[in-house]
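Residue numbers (the numbering used here), protein chains in the order written: chain A, 72 to 378; chain B, 284 to 656.
Structure, rendered in structure tokens:
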């Protein structure tokens with residue numbers, strides 16, 4: 072009898088094994104799912120500057136009736152207000168161009184590093200990652216010093232006689248691109264390197280053996296086999312770059328429109344929490360769609376096409 | 284053993300010529316000045332232990348390594364300066380190096396495509412190759428969906444698809460388990476013979492070399508020690524190394540006592556009497572030599588053999604039972620251990636002899652080889 076109860080209890084009470092498995096789920100629940108739901112809820116309420124926090128509740132209990140009022144006006148604004156449409160468009164554009172630039176710079180770097188001797192590889196990867204150990208803010212500030220009119224770059228170019236007037240780079244979109252590419256380059260290089268370093272050199276030899284010149288072997292063997300690394304690198308750069316706030320704020324000047332800046336503006340200057348929340352939610356959805364598509368493509372590739 | 288096909292001798296001699304080829308890596312000599320001539324249609328094996336230089340020599344042929352000096356001619360054409368992608372030579376790599384992102388058909392089509400062959404011709408070629416290796420059903424599979432043996436066939440088909448003048452096989456059976464090996468060895472040979480391509484293979488497995496190759500070059504520390512057919516290299520090794528590398532052998536050190544025109548005697552401290560060899564050799568009296576006799580050439584009996592020479596008495600110390608035969612290890616009074624095979628032609632025939640028994644070992648006067656190097 073007792074043993075029977077014990078067995079039932081043992082089945083109901085999760086074991087230690089489940090505790091370990093539960094930790095990441097608990098983490099996701101606490102730091103992703105719950106905050107997400109809070110923000111989602113705020114995005115459906117109305118702005119109310121008299122209350123604190125400054126928005127109305129969406130569920131009310133009046134006259135024995137529970138009423139839930141979902142206010143969709145903020146989402147409607149995002150679509151109708153040209154400012155938001157432009158901010159989204161320009162964010163996506165800036166992120167996409169930066170990602171492409173990071174790929175064009177990062178791929179050759181990762182490729183060369185993966186061909187080095189194992190000890191040289193570690194040193195090179197260290198050099199790639201090392202700058203990330205200093206504060207992000209300080210690194211972006213450093214670019215102000217480099218790019219400004221009487222900064223390091225202009226000073227050098229003028230001293231060399233390449234230009235006569237200082238170039239205006241700081242507070243232009245170009246500075247934003249430079250900042251984003253610089254800051255996110257390690258995130259492009261790391262997954263590419265991890266992929267490329269695993270490549271079997273014999274595959275290239277087999278390609279040469281079958282008549283492929285080195286560049287043909289690269290296009291037909293190395294590039295397709297590094298697809299997963301390219302996708303991972305692009306995702307790691309593109310996703311945070313879309314919502315980037317600090318870099319366009321510090322380097323981009325007032326006319327560099329990005330959704331992250333708009334969000335901060337709505338949240339703090341305009342104290343319109345519901346609208347800021349709607350911006351955040353739609354940004355997330357905007358990025359979620361491509362992530363899911365990429366995931367599916369990758370999974371299908373892993374399974375292989377069975378015929 | 285040996286597949287024993289003969290090649291047409293006229294204008295086929297020296298199809299592949301390796302002349303004084305030497306390869307050094309940072310002062311380390313991987314291949315010493317090597318000369319080899321390989322006939323058209325031959326399956327030639329480079330046999331040796333790891334680090335003997337066989338793979339380096341093969342990579343020199345494939346164009347993946349440049350010889351430090353020397354020349355390689357194929358069909359009269361100098362190969363040295365050609366990169367791998369311009370050589371009419373294809374290689375089946377160790378563990379195959381199939382392109383994982385391509386189907387079987389795409390893998391095979393890779394070579395012909397690089398040649399700029401028209402699409403229809405490529406398709407026909409791929410079909411032909413798939414048929415040759417009996418893999419028609421698997422054309423649309425990816426390499427990771429195939430078994431080891433199937434991958435090997437695809438790799439072979441891919442390396443034959445361009446119709447190379449020379450096929451290189453790098454440890455062709457290295458990635459297969461033992462049972463599949465012996466089956467694939469003969470199958471590979473039949474496919475290669477069907478395609479008629481000249482073939483150089485590298486292996487560390489003497490059995491594989493003996494089964495597949497028409498001729499074998501035995502290599503040791505960067506040098507070729509002997510080039511011969513499988514039966515020659517087994518029956519007439521020219522050095523202690525060759526005798527010991529291939530098969531097992533009783534190696535008896537001694538000194539020539541009588542060097543006559545039609546017989547030789549060797550005084551060996553390990554044996555009670557002189558060794559009598561029933562033919563002349565190119566040596567001199569007093570020369571240090573080794574006498575090598577294979578265990579299956581040594582007879583074992585309880586009674587003293589009638590022959591006057593080449594016999595010794597000893598005690599059975601070990602019996603290794605192999606099913607088809609048993610190997611008796613007989614300890615002679617001098618301490619020397621002699622191996623003698625006993626063919627198990629009759630069930631329980633060897634029952635009469637067991638551990639500790641006093642027995643006689645003997646061998647015929649022409650059954651051993653006198654080695655001077």
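Ideal Cβ placement from N, Cα and C applies to all residues, glycine included.
The structure presented is a predicted model; accordingly, all values stated were derived computationally and were not measured.
What residues from chain A crowd round residue i, counting only those whose CB sits closer than 7 angstroms?
i, result
"residue 368 of chain B", "279, 282, 283 and 284"
"residue 404 of chain B", "Residues of chain A passing the Cβ test: none, with the nearest at roughly 15 angstroms."
"residue 347 of chain B", "276"
"residue 374 of chain B", "280"
For residue i, is the classification buried or exposed, using 16 other Cβ atoms within 10 angstroms of its Cβ as the cut-off for buried?
i, result
"residue 99 of chain A", "exposed"
"residue 325 of chain B", "buried"
"residue 427 of chain B", "exposed"
"residue 118 of chain A", "buried"
"residue 114 of chain A", "buried"
"residue 225 of chain A", "buried"
"residue 390 of chain B", "buried"
"residue 154 of chain A", "exposed"
"residue 651 of chain B", "buried"
"residue 308 of chain B", "exposed"
"residue 311 of chain B", "exposed"
"residue 378 of chain A", "In this predicted model, residue 378 of chain A has a pLDDT of only 30, less than 50, meaning its place in the structure is not dependable; the value taken from the coordinates is given anyway. By the neighbour-count rule (16 or more Cβ atoms within 10 Å), residue 378 of chain A is not buried but exposed."
"residue 185 of chain A", "buried"
"residue 503 of chain B", "buried"
"residue 489 of chain B", "buried"
"residue 337 of chain A", "buried"
"residue 206 of chain A", "exposed"
"residue 89 of chain A", "exposed"
"residue 214 of chain A", "buried"
Give the residues of chain A in contact with residue i, contact being defined as C-beta atoms less than 8 angstroms apart.
i, result
"residue 394 of chain B", "281 and 282"
"residue 380 of chain B", "271, 273, 274, 276 and 277"
"residue 420 of chain B", "Ordered by position in chain A, no residue passes the 8 angstroms Cβ test against residue 420 of chain B, which lies about 10 angstroms from the chain."
"residue 397 of chain B", "281, 282, 283 and 287"
Who are the near neighbours of residue i in its chain, counting only those whose CB is closer than 8 angstroms to its CB and skipping five residues on each side?
i, result
"residue 640 of chain B", "585, 598 and 599"
"residue 279 of chain A", "285 and 288"
"residue 460 of chain B", "431"
Contact defined as beta carbons within less than 8 angstroms: I believe residue i pairs with residue j. What is the distance between those atoms, to the nearest angstrom?
i, j, result
"residue 379 of chain B", "residue 435 of chain B", "6 angstroms"
"residue 582 of chain B", "residue 623 of chain B", "7 angstroms"
"residue 499 of chain B", "residue 330 of chain B", "5 angstroms"
"residue 397 of chain B", "residue 281 of chain A", "6 angstroms"
"residue 478 of chain B", "residue 443 of chain B", "5 angstroms"
"residue 566 of chain B", "residue 655 of chain B", "6 angstroms"
"residue 416 of chain B", "residue 381 of chain B", "Residue 416 of chain B to residue 381 of chain B, Cβ: 13 angstroms. No contact."
"residue 493 of chain B", "residue 520 of chain B", "The pair is not a contact, with the Cβ atoms about 13 angstroms apart (cut-off 8 angstroms)."
"residue 452 of chain B", "residue 344 of chain B", "With a Cβ gap of about 11 angstroms, residue 452 of chain B and residue 344 of chain B do not count as contacting."
"residue 551 of chain B", "residue 537 of chain B", "3 angstroms"
"residue 344 of chain A", "residue 125 of chain A", "6 angstroms"
Which residues in chain B sit within 8 angstroms of residue i, going by Cβ to Cβ distance?
i, result
"residue 295 of chain A", "384"
Who are residue i's beta bridge partners in DSSP?
i, result
"residue 486 of chain B", "B:330"
"residue 596 of chain B", "B:643"
"residue 536 of chain B", "B:573"
"residue 387 of chain B", "Paired residues: none, contrary to the question."
"residue 360 of chain B", "B:357"
"residue 626 of chain B", "B:608"
"residue 603 of chain B", "B:610"
"residue 511 of chain B", "B:499"
"residue 449 of chain B", "B:372 and B:481"
"residue 584 of chain B", "B:643"
"residue 236 of chain A", "Looking at the DSSP assignment, residue 236 of chain A forms no beta bridge with any residue, so it has no partner."
"residue 136 of chain A", "A:133"
"residue 352 of chain B", "B:305"
Please list the partners that residue i has in chain A, where partner means a Cβ-to-Cβ separation under 9 angstroms.
i, result
"residue 484 of chain B", "The contacting residues do not exist; residue 484 of chain B stays about 15 angstroms from chain A at best."
"residue 433 of chain B", "Per Cβ cutoff of 9 angstroms: no residues; residue 433 of chain B is ~15 angstroms from chain A at best."
"residue 445 of chain B", "281 and 282"
Leaving aside the five residues before and after residue i along the sequence, list all residues of the same chain whose C-beta is less than 7 angstroms from its C-beta, in chain order.
i, result
"residue 527 of chain B", "534"
"residue 335 of chain A", "316"
"residue 161 of chain A", "328 and 329"
So which residues of chain B does residue i contact, with C-beta pairs closer than 7 angstroms?
i, result
"residue 302 of chain A", "Chain B residues near residue 302 of chain A: none, gap ~14 angstroms exceeds 7 angstroms."
"residue 292 of chain A", "382"
Less than 6 angstroms between C-beta atoms, sequence neighbours within five positions excluded: which residues of the same chain meet that for residue i?
i, result
"residue 376 of chain A", "Legend: pLDDT at residue 376 of chain A = 41, less than 50; position of this residue unreliable, no value from coordinates given."
"residue 321 of chain A", "211"
"residue 592 of chain B", "559"
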